[in-house]
Every structure is written in structure tokens, then in C-alpha cells.
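Asks: Dumping the structure here so I can ask a few things about it.
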Amino acid sequence: MNRSVPENRDLFAIADLAKEFGISTRAIRFYEAKGLLAPERVGATRIFRRRDRARLILILRGKRLGFSLRDISDYLSLYDANRSQQVQLLTAKIDERLVSLEAQLQDLQTTISELKEIKKLADERLEKAG
DNA sequence: ATTCTCACA
DNA sequence: TGTGAGAA
Numbered sequence: 001m002n003r004s005v006p007e008n009r010d011l012f013a014i015a016d017l018a019k020e021f022g023i024s025t026r027a028i029r030f031y032e033a034k035g036l037l038a039p040e041r042v043g044a045t046r047i048f049r050r051r052d053r054a055r056l057i058l059i060l061r062g063k064r065l066g067f068s069l070r071d072i073s074d075y076l077s078l079y080d081a082n083r084s085q086q087v088q089l090l091t092a093k094i095d096e097r098l099v100s101l102e103a104q105l106q107d108l109q110t111t112i113s114e115l116k117e118i119k120k121l122a123d124e125r126l127e128k129a130g
């Protein structure tokens, strides 16, 4: 019954989290190196608690929404300190992200329109050529 | 299996 | 923003 290190539901080994979230152990260490995670250590081995796991979930969610690790780091850093400032930062970043996405959307729509126009002209030529 | 560092894209 | 490789 003695596993090497974590084996209950309160403690996790890096491999546990990597498997659960479908990411590499390297990526998790990378996030730690960037200051987004700060798991405890038993010797040199990382021990992740539920709160570390929760932070990882937030990191992954932030990434999925298109935020940089820097953005996510800044946000997480405010959790313990200024909570209302954290919310302010969040809304500001969301607005920023929204503006960026809207711009991308416009660009995509422009590209789609251009492609459709080109295709239309090409199809018309095929008509004439018979 | 885990750790770290350095290189590399 | 990560990965690969080598060594412990």
C-alpha cells in the first residue's frame, strides 16, 4: 500500500496531472518555471495539492481562451493580494481579447469574401470555356 | 519514474 | 510556448 509519493485524492504527482489534462510533464514544469505554479517538494520531487491542481485548471482555461502565460501569471498573482484588482485586470484583459478576436473575425470575413469572389470569377470563366 | 540544464524552434 | 536530449 506504499506508493512512492502521492496516491490519494488530495495529493498528485506531476504525471497524474499530466495524464488527467492531456499535457506533458514538461509543460507543467514549464508553467512552474514561469511562476504560474508553485507545488511543494518532497526532496526534489514536486507534490501538487488540490489548490495547485485548481490553478492548473485556470491556466489551461486561460490558454484555451487565448491568453498568454504572462497574462495568466499576472492574473493568478493577484489572487492572494488584491482581489478586486484581480477582477479589474480580468475584465480589462477580456476586453482586450475581445477587441483582438473581433479584428481577427473581420479579417477572416474579408478573406472569405475575397476567396468567394475569386471562385465566382473562376467559375464564370469555366462557363464560357464550356 | 523524477529532476535539472542547455539547446532549439 | 513549449520540446528534445543528456545526465543524475
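According to full-length UniProt numbering, the residues represented by the first sequence are 1 to 130, in order.
Glycine is no exception: its CB is placed at the ideal position from the N, C-alpha and C atoms.
Small disclaimer: the values here were computed from a predicted structure and weren't measured.
Under three-state DSSP, which class holds leucine 78?
Replies: Coil, per DSSP.
Asks: Give me whichever residues DSSP pairs with isoleucine 47 in a beta bridge.
Replies: DSSP, once it has assigned bridges, lists Glu40 as partnering isoleucine 47.
Asks: Would you identify the three-state DSSP class for serine 68, choosing helix, strand or coil?
Replies: Here serine 68 sits in coil by DSSP.
Asks: If you draw a straight line from the C-alpha of isoleucine 72 to the C-alpha of glycine 62, how long is it?
Replies: Each residue's alpha carbon lies about 6 Å from the other.
Asks: Leaving out five residues on either side along the sequence, give the residues of the same chain with a beta carbon under 7 Å from the beta carbon of aspartate 10.
Replies: So the qualifying residues of the chain are Arg49 and Arg50.
Asks: Taking just the CA atoms, how far does isoleucine 28 sit from alanine 18?
Replies: Rounded to the nearest angstrom, the two C-alpha atoms are 7 Å apart.
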